[in-house]
Every structure is written in structure tokens, then in C-alpha cells.
Amino acid sequence: MKRIFKVLKRVFVLVFIIAFFVYSATTIFKQQMILRQVKAQQREVIVQIEKIKKENEYLKRLAQYVGTKDYIQQVAREKLGLVGKDEIVFIDKNKKKKE
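In the working numbering, the protein residues as written are 3 to 101.
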């Protein structure tokens, strides 16, 4: 009878150890998969941050340019069709009008 209990005890311990290792291996595998996903997301976020930094720098430069005399003259020429007082305007009559 004692011998049966010893054998059962050893089998139980062996089954417990095997179950523990299987559980540990699957947990580690799942964590590795999650870690890969998080790293991929991190790379995507870093790329987005770089794009936003570049856009922010462009907008800062544009904001500085908007306040300059050059910008005001450019808008007056392009949008309003104005010219400077010392400038001569040439009109090409052969050019087709836009429809």
C-alpha cells in the first residue's frame, strides 16, 4: 500500500511539473507575441511623431513667413491681381481665356 502511494505521489508530482512547464511555455510564447505587437505599434507611433514634427516645423516657418512683407506682396499679386507702382503689366492677347 505504501508503495502505491509513493508511485502515485511521484506520478502526481511529475504531472504537476509537466503541467507547470507547459503553462509556463505557453505564457512566455503569448507574452513574446504581445511584445512583438507592442514594438510594431511603437515603431508606427515613432514614424507618426516624426511626420508631425516635420509638419510642425513647416507650419512654424509658414507662420513666420505670413507676417513678412514678401508674403503680403505675394498674396496681393496672386489673389488680388495687384502690381507695384513702378511695375508694368503686359497682357498677352493671344493667350486663350480660361473657361
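C-beta atoms are modelled at their ideal positions from N, C-alpha and C, and glycine is treated no differently.
Can you round the beta-carbon distance between residue i and residue j to whole angstroms, since I take them to be within the 8 Å contact cut?
| i | j | result |
| --- | --- | --- |
| V91 | V85 | 6 Å |
| Y60 | Y67 | Wrong, their Cβ atoms sit about 10 Å apart, outside the cutoff. |
Among the options, which residue has its Cα nearest to the Cα of residue i?
| i | options | result |
| --- | --- | --- |
| E89 | N96, K97 and Q75 | Q75 |
Mapping DSSP to helix, strand and coil, what is residue i?
| i | result |
| --- | --- |
| Q58 | Correcting the residue identity first, residue 58 is Asn in this sequence and not Gln. N58: helix per DSSP, three-state reduction. |
| F18 | helix |
| K95 | coil |
| I51 | helix |
| M3 | coil |
| V46 | What sits at residue 46 in the sequence shown is Glu, not Val. Correct three-state label for E46: helix. |
| F41 | A small fix is needed here, since residue 41 is Lys in this sequence, not Phe. Correct three-state label for K41: helix. |
| V85 | coil |
| I90 | coil |
Using a Cβ-Cβ cut-off of 7 Å (strictly less than) and excluding sequence neighbours within five positions of residue i, which residues of its own chain qualify?
| i | result |
| --- | --- |
| K104 | What is shown of the chain runs 3 to 101, which leaves residue 104 out entirely. |
| N96 | none |
Starting from residue i, trace the alpha helix (DSSP H) both ways and give me its first and last residue.
| i | result |
| --- | --- |
| E80 | K71 to E80 |
If you drop the 5 nearest sequence neighbours on each side, which residues of the same chain put their C-beta closer than 8 Å to that of residue i?
| i | result |
| --- | --- |
| R45 | none |
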